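Asks: Before anything else, here's the structure in question.
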Amino acid sequence: MTTTTNLPSAAELHTVKRAYDVQRIRRDFPILARDVRGKKLVYLDNAATSQKPQIVLDAIARYYEQENANIHRGVHFLSELATSKHDHARQIVQKFINAPHAHEIVFVRGATEAINLVAQTYGRKHVSSCDEVLVTAMEHHSNIVPWQILCDEKNAKLRVAPINELGELIMAEFEKLIGPRTKIIAIPHVSNALGTVNPVAKIVELAHTRNIPVVVDGAQAAPHTKIDVQSLGCDFYAFSSHKMFGPMGMGVLYGKTELLEAMPPYQGGGDMISSVTFEKTIYNKLPFKFEAGTPDVAGAIGLGVAIEYLNAIGMDNIAAYEHELLAYATEKVSAISGVRLIGTARDKAGVLSFVMDNVHPHDIGTILDQEGIAIRTGHHCAQPVMQCFGIPATARASLALYNTKDEVDALAAGIKKVQEVFS
Amino acid sequence: MADLRDLYQEVILEHSKAPRNYRELASGQSAEGFNPLCGDHFTVFLKLENDVVNDVSFQGSGCAISKASASMMTQAVKGKSKTEAKKLFDTFHKLVTEGDANGDRADLGKLAVFSGVSEFPVRVKCATLAWHTLKAAIEGKQGSVSTE
Ligand SMILES: Cc1ncc(COP(=O)(O)O)c(C=O)c1O
Chain A
1 MTTTTNLPSA
11 AELHTVKRAY
21 DVQRIRRDFP
31 ILARDVRGKK
41 LVYLDNAATS
51 QKPQIVLDAI
61 ARYYEQENAN
71 IHRGVHFLSE
81 LATSKHDHAR
91 QIVQKFINAP
101 HAHEIVFVRG
111 ATEAINLVAQ
121 TYGRKHVSSC
131 DEVLVTAMEH
141 HSNIVPWQIL
151 CDEKNAKLRV
161 APINELGELI
171 MAEFEKLIGP
181 RTKIIAIPHV
191 SNALGTVNPV
201 AKIVELAHTR
211 NIPVVVDGAQ
221 AAPHTKIDVQ
231 SLGCDFYAFS
241 SHKMFGPMGM
251 GVLYGKTELL
261 EAMPPYQGGG
271 DMISSVTFEK
281 TIYNKLPFKF
291 EAGTPDVAGA
301 IGLGVAIEYL
311 NAIGMDNIAA
321 YEHELLAYAT
331 EKVSAISGVR
341 LIGTARDKAG
351 VLSFVMDNVH
361 PHDIGTILDQ
371 EGIAIRTGHH
381 CAQPVMQCFG
391 IPATARASLA
401 LYNTKDEVDA
411 LAAGIKKVQE
421 VFS
Chain B
1001 MADLRDLYQE
1011 VILEHSKAPR
1021 NYRELASGQS
1031 AEGFNPLCGD
1041 HFTVFLKLEN
1051 DVVNDVSFQG
1061 SGCAISKASA
1071 SMMTQAVKGK
1081 SKTEAKKLFD
1091 TFHKLVTEGD
1101 ANGDRADLGK
1111 LAVFSGVSEF
1121 PVRVKCATLA
1131 WHTLKAAIEG
1141 KQGSVSTE
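Put into structure tokens, the structure is as follows:
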């Protein structure tokens, strides 16, 4: 089965590996060539969503032009083709995160739905009155609210592990908060507001000595770092396709087989059953038990191609390139007087959050936008993080594999322009 | 292309740096306004006498546009009747959504400097947050208003 057509050949790949050719990568993303507001687009809002390479766009178009049919239920050619492409995408995801089995990859709408799925199935089954769910102070709302809903329903308690002034988890405090009533620990792999990379494997170790499962929100990790769920040891791992160069409306929940097997289904409908009578329904095997209804087949195919694109460049190469770019951006931006970085963890990925003396982030965003520079301003769906730092909002530049030092320079020049306007 | 100077007029920048009537009122009524998207948060305090705005002030945090708008609003509505204040909001709202061409500029006085906001649709909520909050205070609404 061929799913990719214009990925680099092995020889070409070798060159990419030797020298990270960012200009060549940029040419794969048609949107990066456009102008906005009469200026060259400088897209630094990757933590909100990433842009898509042409091969992903082509794969989606090809699916609807040439391959579209419903899956799992046809005897005809196209249905078989669509089914096998959908299955293949699952295998690509499995390998990408080094999951032991393809049936441990559940396709969902995004990280948000993945976390809600765990809360509503595993959570409802295992959390009862006076139990506790432990999260961190650097959570995206999507790793807070599903647990809050669960805790409200069960009369359980949501505990929050604090962070230090750098935006790192305080591990001693974290450990103290794990108690006899802790039933679930949910943490972000990488914080979207601060960029902090959390010591997931270490937390998993702490949790597992007490038999507590760990849910990892990997939405901001997937586009930047190699993910290995076996070496992390986590029980669940959630991420979104659209933040890793795949289409929107698509996402992944990884779960360990024994946990997924024991969980009640999430939604009811077609595809998630193996037989239905009005007396009794027998649920389908994994992962289909959790995939009620017609899935986003084009989305899964698009995600698979996005992953193959990342694999061709190499996650290690991407991580190394971005690490250097983030260091450059950190140096450039923090050198501007009157600018303060929010989130200076020792281990960081992709995100540069900052505030400026006497200028509100919203005004920063508007002025940078006039320069064609797209950043995000606000609380980044992480209001508790803002409270920790005693600020209402930040301006956030977030990097991806196609950003360049020139773009960082444009950002720094834009920030100086902001200061001119407000001088 | 929209010009930044249309938005960040000198008067607006000046008011954002040194907002007028930035204080609490000991008596009277108040309302809170939020813009959850950018974290702007203001309280507008109001003293009415015979349906006339006898005193008005505000406190809180927000961007330059929202702060300047709150500051200039307090100056503009002081001494106006409830009905006049609400009518002024309507005219102001028209200005920031539709721009100069429509609406009656003369009624707005100094507030006309906000006409540039209409070129920046995402900033309309900033410019109107204090006004929405004022309206809630006038109407004696409980709780807080939100722009979302
Ligand atoms: C850390 C983190 N978790 C979860 C999410 C939610 O992702 P989605 O909206 O794609 O479900 C985001 C998106 O901003 C995020 O940054």
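Taken in sequence, the protein lines are chains A and B.
Sequence positions in the first sequence follow this note's numbering and run 1 to 423.
Sequence positions in the second sequence follow this note's numbering and run 1001 to 1148.
Built from N, CA and C at the ideal position, the CB exists for glycine as well.
All of these numbers come straight from a predicted model, not from anything done at the bench.
#1: Would Phe422/A pass as a contact of Leu1037/B if the rule is Cβ separation under 8 Å?
#2: Please confirm whether any heavy atom of ligand 1 lies closer than 7 Å to the CB of His242/A.
#3: Where does Pro265/A land, buried or exposed, given buried means 16+ other C-beta within 10 angstroms?
#4: Hey, how far is the Cα of Ser128/A from the Cα of His1093/B?
#5: Quick one: which residues of the segment 1042-1067 of chain B get their C-beta closer than 9 Å to a C-beta of chain A? List them in chain order.
#6: Would Cys130/A be called buried (16 or more neighbouring beta carbons within 10 Å of its own) or exposed?
#7: Determine the extent of the alpha helix (DSSP H) in which Glu1077/B is found, giving its start and end residues.
#8: Let me make sure I understand the geometry here. Which of Ile184/A, Glu139/A and Ala48/A has the alpha-carbon closest to that of Pro162/A?
#9: May I ask you to report which of helix, strand or coil DSSP gives Tyr237/A?
#10: Under 8 Å, Cβ to Cβ, is there at least one residue of chain A near Phe1089/B?
#11: For Asp363/A, return the contacting residues in chain B, with the cut-off set at a CB-CB distance below 8 Å.
#12: Is DSSP giving Thr1083/B helix, strand or coil here?
#13: Among the candidates Lys1141/B, Gly1039/B, Lys1086/B and Asp1006/B, whose CA atom is the shortest distance from the CA of Val1053/B?
#14: Tell me whether Phe969/B is buried or exposed, calling it buried when 16 or more other Cβ atoms sit within 10 Å of its Cβ.
#15: Would you identify the three-state DSSP class for Arg427/A, choosing helix, strand or coil?
#16: Beta carbons nearer than 8 Å to chain A: which residues of the segment 1092-1125 of chain B have them?
#17: To the nearest angstrom, report how far apart Asp228/A and Thr366/A are at their CA atoms.
#18: Leaving out the 5 sequence neighbours to the left and right, which residues in its chain are closer than 8 Å to Met1/A when beta-carbon positions are compared?
#19: Rounded to a whole number of angstroms, what is the C-alpha to C-alpha distance between Glu1084/B and Val1096/B?
#20: What are the residues that DSSP puts in a beta bridge with Asn39/A?
#21: His379/A: beta carbon under 7 Å from a heavy atom of ligand 1?
#22: Just to confirm the assignment, what range does the beta strand (DSSP E) spanning Ser353/A have?
Replies: The short version:
#1: no
#2: yes
#3: buried
#4: 50 Å
#5: Ser1061, Gly1062, Cys1063, Ala1064, Ile1065, Ser1066 and Lys1067
#6: exposed
#7: The residue asked about is misnamed: residue 1077/B is Val in this sequence, not Glu. Run containing Val1077/B: Ala1064 to Val1077, per the alpha helix (DSSP H) assignment.
#8: Glu139/A
#9: strand
#10: no
#11: Tyr1008, Cys1063, Ala1064 and Ile1065
#12: helix
#13: Lys1086/B
#14: Absent from the structure is residue 969/B, since the part of chain B shown begins at 1001 and ends at 1148.
#15: Within the shown structure, residues of chain A are numbered from 1 to 423, placing residue 427/A beyond reach of any answer.
#16: Phe1120, Val1122 and Arg1123
#17: 39 Å
#18: Model confidence at Met1/A stands at a pLDDT of 41, short of 50, so the residue's coordinates are unreliable; what they give is reported in the following sentence. Hits under 8 Å: Ser84, Lys85 and His88.
#19: 18 Å
#20: Per the sequence shown, residue 39/A should be read as Lys rather than Asn. According to DSSP, which records beta bridges pairwise, Lys39/A is partnered with Val36/A.
#21: no
#22: Val351 to Met356
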